[in-house]
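Read through the structure below, which is laid out as structure tokens, and then see the notes.
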Amino acid sequence: MNIATKTMILGITAALIAVIIAACATTKSFPAKHPMEVQGMPVCSVCHTDWRTSLDHIQDWASRHKFTASQQKRTCELCHAQSFCADCHANKEELKPSDKNKDAPERTMPHRGDYLNQHKIDGKLNPASCFPCHGRQNNERCKVCHK
Amino acid sequence: MRSLRVAASLSILFSLPFTASALDLSGQSRTYLQSRQDVDGTRYLPLYEYLNFSVGDASNDAVSFHAGGWYRYDLRNESFGTKSTGDLQYAYVTVKKKTGNSALSLGRLMVNEGTVSSQLDGIYARTDLRGGFRIAAYGGSPVETSGDTRSGDSVSGGRLSQGITGIYDIGVSYLQEKNDKQDFRKEEGVDLWIRPFGRLEVLGRSSYNDISNAWMLHQYTVLLGPFGGLRMNAEASKVYYKEYFSATTLSAFTFPSIDPNETVTTLGGSADYAFTPTLSAGIDFKNFDYAVANNTAKYYGARLAFASAGGGAGLAFHRMDGPTEPLQYDEQRAYVMKKISKMDLTLDVIHVSYQQAINNVSDAYTGTAAVGYALSPKARLVADVEYMKNPDYDRDVRGMLTFVYAFDAKLGGTAKTTQPAGTKKSGGKKP
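Here the protein sequences come in this chain order: A and B. Numbered according to this note's numbering, the first sequence spans residues 92 to 238. Numbered according to this note's numbering, the second sequence spans residues -16 to 414.
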């Protein structure tokens, strides 16, 4: 039995254990969908006054949504289907997210305009900002120059 | 081989029992026809189709299948060296319980757990436990750009957290990834979200490289507000290049493109003030401190935004003040959008002024105009034109036609109940 198989079995076992343990949890699951339809960039504080005000999709949301997604993706799933995330976070992509959203200029989209030149500057100053999306994924086009 | 695996996975997924009497199908098709040219003047006319859909158990939403992907066919010349290509972005079946937020997913999926964000072909499970504890685990084959085959590749890990809703959530996570049966990544992490007072939140994470036995990253943000219309945040991060970039498939993150011994400390913050529910202004600042290079860079600017149901506008000025002239630029952006009945118009202009000319050009301009029209509540057509003048192009004109169509249907069972006029409908998901 090779290591990959062992890892797969380990993962499946852990997952099954987690599901079994779920029998202990008695809290009601989140609803599948947000009870009200939200248009545009949602400002949760219009209705909520508790911790959910921090989910307001205001100016700095694009830079900090990673924290919410990694801790409580189930909250994101109330309003967003997986395709919404996949539009930017993809293994292979040819159309820039900003190209697909030219009619939504209010959304903070990476690489608007001529990023071919600007990436040479930003990449030197802050390569860590490139890494989450292009470090191991979505870098086939980068390899044309970065061989 | 990869296609066979994907096909086999899909077959397994579709063979799983959907036991309900009726299934809801919903999804979206987006078709893009783009016209663009290369630096050598070669024009391309790629046609893209992005399709995503979900099939769910209409009776209790317990079992659902989700898939999304895209395909490109070139009508003129070959973009990126191939006439056609595509990608299966995700395809998984999910089983959810009504209690404990328990979920089990199988297929190609994206896992976001603590310090881990990874796409994989495999299995993922999560559940709430008693005492505010939560657990998640996953395992499978990583989906990444790679120069070799996927044979011997594997990824597994999980996250355990504990918290009180609305007050705090602290988690620890682990990931192990192997490439050709050899350790590629072994990472541990801590993540937290704390809200000790009503107007103060601390959120962040730290990652540890278990192969080199050193920290990779610390990244923390403090949110303050709202105090009336004022919101502020402060952020601090530290990135250790050698450890953070150790597992990459791109040479840009290795020597000599970067100095692996570099450590960058970032401190920054922003303040936004909402004059009215539709009008806000803000300032932001970020300082990069390089330990090895022993210099700094500063990025700062201001912005003004207006957003209403009938349209919006924005204005932003920023400067990147790098340690040397080639790493300095000023950026200005202005946009306006207006809805007129079923039509919407957008204008977006970006100007970048480089401190040191690139290819003897100091200014880059991008202007975009887009017109959208709602053909029906489910269909939308967008036409846009983009004009660019920059160090690579004297004049670059690109255009794109976009057709978006949302669909839904009930498969089997009784007809769908229509929503009575005037009532608020349950929120749909943004695809």
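The beta carbon of each residue, even a glycine, is placed where N, CA and C say it ideally should be.
Subject >> Runs of alpha helix (DSSP H) wholly within the segment 159 to 218 of chain A (minimum 4 residues, chain order) >> reply: With a minimum length of 4 residues, the continuous alpha helix (DSSP H) runs that stay inside the segment 159 to 218 of chain A are 164 to 167, 173 to 177, 188 to 191, 206 to 216.
Original post:
When the distance is taken between beta carbons, is Ser136 of chain A closer than 8 Å to Asp147 of chain A?
Top reply: In the first sequence, the residue the question calls residue 147 of chain A occupies position 56. In the first sequence, the residue the question calls residue 136 of chain A occupies position 45. Yes, the Cβ-Cβ distance between Asp147 of chain A and Ser136 of chain A is below 8 Å.
Original post:
Name the chain A residues that come within less than 9 Å of Thr248 of chain B, Cβ to Cβ?
Top reply: Position 265 of the second sequence, counting from 1, holds the residue named residue 248 of chain B. Per Cβ cutoff of 9 Å: no residues; Thr248 of chain B is ~11 Å from chain A at best.
Subject >> CB contact below 8 Å: Thr98 of chain A versus chain B >> reply: Taking the first residue of the first sequence as position 1, residue 98 of chain A is located at position 7. Closer than 8 Å to some Cβ of chain B, the Cβ of Thr98 of chain A qualifies, so yes.
**OP:** Ignore the nearest five residues each way along the sequence and tell me which others in Gln416 of chain B's own chain have a CB closer than 8 Å to its CB.
**Re:** Lying outside -16 to 414, the shown extent of chain B, residue 416 of chain B is not represented and no answer is given.
Original post:
His301 of chain B CB to nearest chain A CB: under 8 Å?
Top reply: As a first step, residue 301 of chain B is located in the second sequence; it is residue number 318 there, counting from the start. No, its Cβ sits nowhere closer than 8 Å to a Cβ of chain A.
Original post:
If you draw a straight line from the alpha carbon of Gly350 of chain B to that of Met200 of chain A, how long is it in whole angstroms?
Top reply: Numbered from its first residue, the second sequence carries residue 350 of chain B at position 367. Numbered from its first residue, the first sequence carries residue 200 of chain A at position 109. So the two alpha carbons sit approximately 16 Å from each other.
Subject >> Neighbour list for Met93 of chain B in chain A, Cβ cutoff strictly below 8 Å >> reply: Here residue 93 of chain B refers to the residue found at position 110 of the second sequence. Residues of chain A passing the Cβ test: Gln173, Cys176, Ala177, His180.
Subject >> Neighbour flag for Tyr227 of chain B against chain A, beta carbons, 8 Å >> reply: For the purposes of this step, residue 227 of chain B is taken as residue 244 along the second sequence, with counting starting at 1. Yes - at least one Cβ of chain A is within 8 Å of the one on Tyr227 of chain B.
Original post:
With contact counted as at least three CB pairs below 8 Å, one residue from each stretch, are the segment 118 to 135 of chain A and the segment 189 to 199 of chain B in contact?
Top reply: no
**OP:** Taking only beta-carbon positions, decide if Tyr15 of chain B is within less than 8 Å of chain A.
**Re:** Here residue 15 of chain B corresponds to residue number 32 of the second sequence, with the count starting at 1. By this cut-off, Tyr15 of chain B is an interface position.
Original post:
Looking at the structure shown, is Met132 of chain A part of a helix, part of a strand, or coil, going by DSSP?
Top reply: Along the first sequence, one-based indexing puts residue 132 of chain A at 41. DSSP, read as helix, strand or coil, puts Met132 of chain A in coil.
Subject >> Alpha carbon of Pro416 of chain B to alpha carbon of His49 of chain B, nearest angstrom >> reply: With chain B covering -16 to 414 only, the question about residue 416 of chain B has no answer from this structure.
**OP:** Determine the closest residue to Ile266 of chain B out of B:Thr248, B:Ala288, B:Ser229, B:Ser101, with distance taken between C-alpha atoms.
**Re:** Counted from its first residue, the second sequence places residue 266 of chain B at position 283. Here the closest residue by C-alpha is B:Ala288.
Subject >> Whole-angstrom C-beta distance between Glu96 of chain B and Gly141 of chain B, which should lie under 8 Å >> reply: Position 158 of the second sequence, counting from 1, holds the residue named residue 141 of chain B. Position 113 of the second sequence, counting from 1, holds the residue named residue 96 of chain B. So it is a contact: roughly 7 Å between Cβ atoms.
**OP:** Drop a sphere of 10 angstroms on the beta-carbon of Thr232 of chain B, count the other beta-carbons inside from all chains shown, and report buried for 16 or more, exposed for fewer.
**Re:** Within the second sequence, numbered from 1, the residue matching residue 232 of chain B stands at position 249. Thr232 of chain B is buried by the Cβ-count criterion.
Original post:
In whole angstroms, what separates the C-alpha of Tyr370 of chain B from that of Tyr203 of chain B?
Top reply: For this step, residue 370 of chain B is matched to residue 387 along the second sequence. For this step, residue 203 of chain B is matched to residue 220 along the second sequence. Answer to the nearest angstrom: the Cα atoms are 39 Å apart.
Original post:
Name the residues in the segment 208 to 222 of chain A whose C-beta lies less than 9 Å from a C-beta of chain B; which are they?
Top reply: Answer set for the segment 208 to 222 of chain A: Asn208, Gln209, Lys211, Ile212, Asp213, Gly214, Lys215, Leu216, Asn217, Pro218, Ala219, Cys221, Phe222.
Original post:
Trp142 of chain A versus chain B: which residues are under 7 Å apart at the beta carbon?
Top reply: By one-based count along the first sequence, residue 142 of chain A stands at place 51. Within chain B, Gly149, Arg178 have C-beta atoms less than 7 Å from the C-beta of Trp142 of chain A, given in sequence order.
Subject >> Endpoints, the beta strand (DSSP E) within which Lys225 of chain B is located >> reply: Position 242 of the second sequence holds residue 225 of chain B. No beta strand (DSSP E) holds Lys225 of chain B; the alpha helix (DSSP H) holding it covers 224 to 227.
Subject >> Gln20 of chain B at chain A interface by Cβ criterion, 8 Å >> reply: Residue 20 of chain B sits at position 37 when you count from the first residue of the second sequence. Closer than 8 Å: no.
Original post:
Can you name the residues that DSSP bridges to Gln17 of chain B?
Top reply: Within the second sequence, the letter at position 34 stands for residue 17 of chain B. DSSP output for Gln17 of chain B lists B:Met383 as bridge partner(s).
Original post:
Straight-line CA distance for Asn217 of chain A to Ala392 of chain B?
Top reply: Here residue 217 of chain A is taken as the residue at index 126 of the first sequence, counted from 1. Here residue 392 of chain B is taken as the residue at index 409 of the second sequence, counted from 1. Spanning the two alpha carbons is a distance of roughly 46 Å.
**OP:** Using a Cβ-Cβ cut-off of 8 Å, state whether Ser189 of chain B counts as contacting chain A.
**Re:** Taking the second sequence and counting its residues from 1, the one referred to as residue 189 of chain B is at position 206. No, because no Cβ of chain A sits closer than 8 Å to the Cβ of Ser189 of chain B.
Subject >> Short CB-CB distance (under 8 Å) between Leu101 of chain A and chain B >> reply: Walking along the first sequence from the start, residue 101 of chain A turns up at place 10. With 8 Å as the cut-off, Leu101 of chain A counts as an interface residue toward chain B.
Original post:
Is there a Cβ from chain A that is less than 8 Å from the Cβ of Glu127 of chain B?
Top reply: On the second sequence, position 144 is the one that residue 127 of chain B refers to. Closer than 8 Å to some Cβ of chain A, the Cβ of Glu127 of chain B qualifies, so yes.
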